[in-house]
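Number of protein chains: 2
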Amino acid sequence: MSVTAPLGFRAAGVAAGLKSKDARDLALVVNDGPSRAAAGVFTRNRVKAAPVLWTQQVLTGGRVRAVVLNSGGANACTGPAGFQDTHATAEKVAGVLGDSAGEIAVCSTGLIGERLPMDALLLGVDSAAAQLSRDGGLAAADAIRTTDTVTKIAFRRGEGYMAGGMAKGAGMLAPAMATMLSVITTDADVPAAELDRVLRKAVSVTFDRLDTDGCMSTNDTVLLLASGAAGVVPDPAEFEKKITEVCADLARQLLVDAEGATKAIAIEVVGAAHEDDAVTVGRAVARSNLLKCAIHGEDPNWGRVLAAVGTTDAVFEPDRLNVAINGIWICRGGAAGDDRAKVDLRPRDVTITIDLSAGPHSATVHTTDLTAEYVHENSAYST
Amino acid sequence: MSVTAPLGFRAAGVAAGLKSKDARDLALVVNDGPSRAAAGVFTRNRVKAAPVLWTQQVLTGGRVRAVVLNSGGANACTGPAGFQDTHATAEKVAGVLGDSAGEIAVCSTGLIGERLPMDALLLGVDSAAAQLSRDGGLAAADAIRTTDTVTKIAFRRGEGYMAGGMAKGAGMLAPAMATMLSVITTDADVPAAELDRVLRKAVSVTFDRLDTDGCMSTNDTVLLLASGAAGVVPDPAEFEKKITEVCADLARQLLVDAEGATKAIAIEVVGAAHEDDAVTVGRAVARSNLLKCAIHGEDPNWGRVLAAVGTTDAVFEPDRLNVAINGIWICRGGAAGDDRAKVDLRPRDVTITIDLSAGPHSATVHTTDLTAEYVHENSAYST
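Those sequence lines, one after another, are chains A and B.
Heads up: the first sequence begins at 1 in this note's numbering, then just goes up one per residue.
Heads up: the second sequence begins at 1 in this note's numbering, then just goes up one per residue.
Structural data, given as structure tokens:
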């Protein structure tokens, strides 16, 4: 399962001592080929962690032999010394694999602004390399968790090939992803340029449409590696569909594990003049702390939906807006519609449908409620 | 004090029965002249409440005889019937004053999407008119409270004239104000066009730089009325300074009364290439739920500051960013600086200084921490 479901991949997850508890914190994923084609999508935050800067460089070559990932420290805002640490990590992995550091991707997650304990980390690479196996995918997925309460893995069977993936992330799920790392693998034979096209498309409609707290991390990375070991060149459309399904599956797991959340809220925007308008409106609603509190309190406060829609530049007329919560159209034509008492907000899954009455386009953005537990987890994280 | 500090104004605040509790909920402020010059600044939300649409029309004439304000209902998203209610309210006030409805401003605050109980409201206007007095400013300020825990009033003495004001607002303090209403009065003799210029300038550097939860209301209104009763034409620069001081005083009161907040956070952005960049960065940091939680937990998590700065398009280089919290430069050159243990976050007032190292401009945005109490208040508001 996970990243080792496709042929040609080995993985491991070990406890290197980066976390205070004796938990797994270092993962290694190795592509044994025959292909090493790879693509990556990274945070749009301009403050980028050292491993993001490094891995972006690696990906310009379109080839990745291995990915080393650590939790227990983001190696972000650590200056030139932090970049040297990432470089040394890649060199170490290259050394144990007898390969080139230029094809070693590095991902880190955890607290910003602190150096990694490099002695422990480099010893951990040795230990991970010794444990690499065809069934190491689950241990690798476990090793990249931070505040995640569960490991997140997914796989899909394509026509003659497999796609598998792992992800971590439980907060800061925001435009352009989250503090999230994800590695997706396939044994299909697909060149790097096509992997890049497919991954960008898949991420744009899955991870990019999670917006749990509007915060964009310094470390977000999604990688797609192809070993070609199945010897199959897939149909482009079918391949894109499978990769998108793996991303959507992982994104859903991130959403339901979001820090302190009790509700998974789908904001479905319909009747938009353009798809961009639908996404803009969905994001504005997803970021309304007031609305997120209301849903937490199981209060179908559609006025807060309209107030959020009104902050955008999307095409709409205020008196033509309709809003349904869990299927009840409680706002019609910009004013009160059906009886709000009919809305059942007890289920964990909540759907807010916003009809802009302005065109044929639509998009769905996913978020969570805002809870006292979110505040608690994020007040206490570094102390 | 409050709106009746300047000559030429009478006010009242009464309990009309709009709120469930037997509290004041209707205020009337009357300008007895000789001038009726007035200006207004309104929410930039495209979903505007009926009283905002009405009062924007009134202000195109540059004259206001009276302002009627109610808490207990926002009259927003109430359709054409809601607009008729606002119109009827203005007509009623015009009737009791023997004046024209076209010079009666109306402001409402409270829950969105519900009609106002007009019978009670119109009776309340009679009662308020009967109680109008030169010392009614405090009762008026009390009547516009919603979740405000205190009344908010301010005044300043100018050169030969007075300026006074009242405000309400305790949440949704966001770009372009808040669910906030404010009426500012002066007995200086200033024409409407000059009042408009001064009010826009004053609001842009005071109310507009509060951003407690990023939510922009449907009802925000700030009005400035001049009676001319002091018979003094003030120096323009001195007048602008006094009005700005009244706005800043009221804005500060809004901030410290923000729902559930335990910290008043000033985000001071310096070294910006443009003032707009400084405001953009200040707002991005003010809206980081993660940072607001950290400050609540008294955790000087400068990494979350950098992560927020990195989401903007301001001019800066990540490795030249410096951040101080309460005077300790814990981030220098984009990496760890002075010892974070030196930061004392126990006081209520917190200053985060961000040096973009990109130019000579600066701006300060004010926000609060994010607390479990905020979640609680906003989960329970309408139920």
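Glycine included, each C-beta is placed from N, C-alpha and C at the ideal position.
Checklist entry - Leaving out the 5 sequence neighbours to the left and right, which residues in its chain are closer than 8 Å to Cys293(B) when beta-carbon positions are compared? => result Cβ neighbours of Cys293(B) beyond the five flanking positions: Asp369 and Leu370.
Item to check | Given Glu194(B) as reference, the closest of Thr86(B), Asn219(B), Ala39(B) and His296(B) once Cα atoms are compared | outcome: Ala39(B)
Item to check | Beta-carbon gap between Asp25(A) and Ala12(A) smaller than 8 Å | outcome: It is not a contact, given that the beta carbons lie outside the stated cut-off.
Checklist entry - How about Ala105(B) and Val64(B): are their beta carbons less than 8 Å apart? => result yes
Next on the checklist: Using only CA atoms, which one of Arg332(B), Asp344(B), Asp349(B) and Leu321(B) lies nearest to Ser357(B)?
Outcome noted: Leu321(B)
Next on the checklist: Taking 6 Å as the limit between beta carbons, can you name the residues of its chain near Thr151(B), skipping five residues before and five after?
Outcome noted: Within the same chain, Thr151(B) has close Cβ partners Ala141 and Asp142.
Checklist entry - What runs of the alpha helix (DSSP H), each 4 residues or longer, lie entirely inside the segment 113-168 of chain B? => result 118-131 and 137-143
Checklist entry - What first and last residue would you give for the beta strand (DSSP E) that runs through Gly271(A)? => result Ala264 to Ala272
Checklist entry - What number of angstroms, rounded off, separates the C-alpha of Arg340(A) from the C-alpha of Ala139(A)? => result 47 Å
Checklist entry - Is it true that the segment 118-128 of chain A meets the segment 215-232 of chain A, where meeting means three or more beta-carbon pairs spaced less than 8 Å apart? => result no
Item to check | Below-8 Å beta-carbon distance, Cys331(A) vs any chain B residue | outcome: Cβ-Cβ to chain B under 8 Å: yes for Cys331(A).
Checklist entry - What residues in its chain sit with their C-beta under 6 Å from that of Thr149(B), if we drop five residues either side in the sequence? => result Result list for Thr149(B): Asp257, in chain order.
Checklist entry - With a cut-off of 8 Å, does the C-beta of Ile153(B) fall near any C-beta of chain A? => result Not an interface residue.
Item to check | For Asp249(A) and Arg209(A), the rounded distance between their alpha carbons | outcome: Roughly 13 Å separates the two Cα atoms.
Item to check | Host beta strand (DSSP E) of Ala105(A) (start-end) | outcome: Ile104 to Ser108
Next on the checklist: Would the segment 234-243 of chain B count as touching the segment 62-76 of chain B if we require 3 or more Cβ pairs under 8 Å?
Outcome noted: no
Item to check | Buried versus exposed call for Ala264(B) [16 or more other C-beta atoms within 10 Å across all chains shown] | outcome: buried
Checklist entry - Within the 8 Å Cβ cut-off, does Cys77(B) reach chain A? => result yes
Next on the checklist: By alpha-carbon positions, which one of Glu275(B), Val205(B) and Leu28(B) ends up nearest to Ala129(B)?
Outcome noted: Leu28(B)
Next on the checklist: Using DSSP's beta-bridge definition, name the partner residues of Val365(B).
Outcome noted: Ile267(B)
Checklist entry - Which two residues bound the contiguous alpha helix (DSSP H) that contains Asp277(B)? => result Glu275 to Ala286
Next on the checklist: Check whether chain A comes within 8 Å of Met172(B), counting only Cβ atoms and requiring the distance to be less than that.
Outcome noted: Residue placement at Met172(B) is flagged as unreliable, the pLDDT there being 47, under the threshold of 50; the coordinate-derived value follows with that caveat. Nearest CB-CB separation between Met172(B) and chain A: below the 8 Å threshold.
Checklist entry - Are the C-beta atoms of Trp54(B) and some chain A residue less than 8 Å apart? => result no
Next on the checklist: So, at 8 Å on beta carbons, what are the nonlocal neighbours of Ala81(A) in its own chain, with the 5 sequence-adjacent residues on each side left out?
Outcome noted: Arg115
Checklist entry - Since Ser182(A) contacts Met166(A) with CB under 8 Å, what's their CB separation in whole angstroms? => result Your pair Ser182(A) and Met166(A) checks out as a contact, with CB atoms roughly 7 Å apart and the cut at 8 Å.
Checklist entry - For Pro191(A), which option in Trp54(A), Val41(A), Gly61(A) and Gly72(A) has the closest C-alpha, if you only look at C-alpha atoms? => result Residue Gly61(A) holds the alpha-carbon nearest to the alpha-carbon of Pro191(A) among Trp54(A), Val41(A), Gly61(A) and Gly72(A).
Item to check | Own chain, CB closer than 8 Å to Ala284(B), minus 5 neighbours either side, in chain order | outcome: So the list reads Ala308, Val309, Thr311 and Thr312, once near-sequence residues are dropped.
Checklist entry - What residues in the segment 112-127 of chain B bring their beta carbon closer than 9 Å to a beta carbon of chain A? => result Within the segment 112-127 of chain B, the qualifying residues are Ile112, Gly113, Glu114 and Arg115.
Item to check | For Asp349(A), the residue or residues it bridges with in DSSP | outcome: Ala264(A)
Checklist entry - Is there at least one Cβ from chain E nearer than 8 Å to Ser379(A)'s Cβ? => result Of the protein chains in this structure, namely A and B, none is chain E.
Item to check | Residue-level contact to chain A via CB, Arg283(B), 8 Å cutoff | outcome: no
Next on the checklist: I'd like the ranges of any beta strand (DSSP E) spanning at least 3 consecutive residues and lying wholly in the segment 26-97 of chain A.
Outcome noted: With a minimum length of 3 residues, the continuous beta strand (DSSP E) runs that stay inside the segment 26-97 of chain A are 26-31, 37-42 and 66-70.
Item to check | Test: Asn45(B) CB closer than 8 Å to a CB of chain A | outcome: yes
Checklist entry - So with Cβ pairs under 8 Å, would you call Met177(B) a contact of chain A? => result Residue placement at Met177(B) is poorly supported in this model, since its pLDDT is 36, which falls under 50; the coordinates still yield a value, given next. Cβ-Cβ to chain A under 8 Å: no for Met177(B).
Item to check | Cα-Cα separation between Gly297(B) and Arg304(B), rounded to whole angstroms | outcome: 13 Å
Checklist entry - How many Å lie between Leu345(A) and Leu7(A) at the Cα? => result In this structure, the CA atom of Leu345(A) is about 44 Å from the CA atom of Leu7(A).
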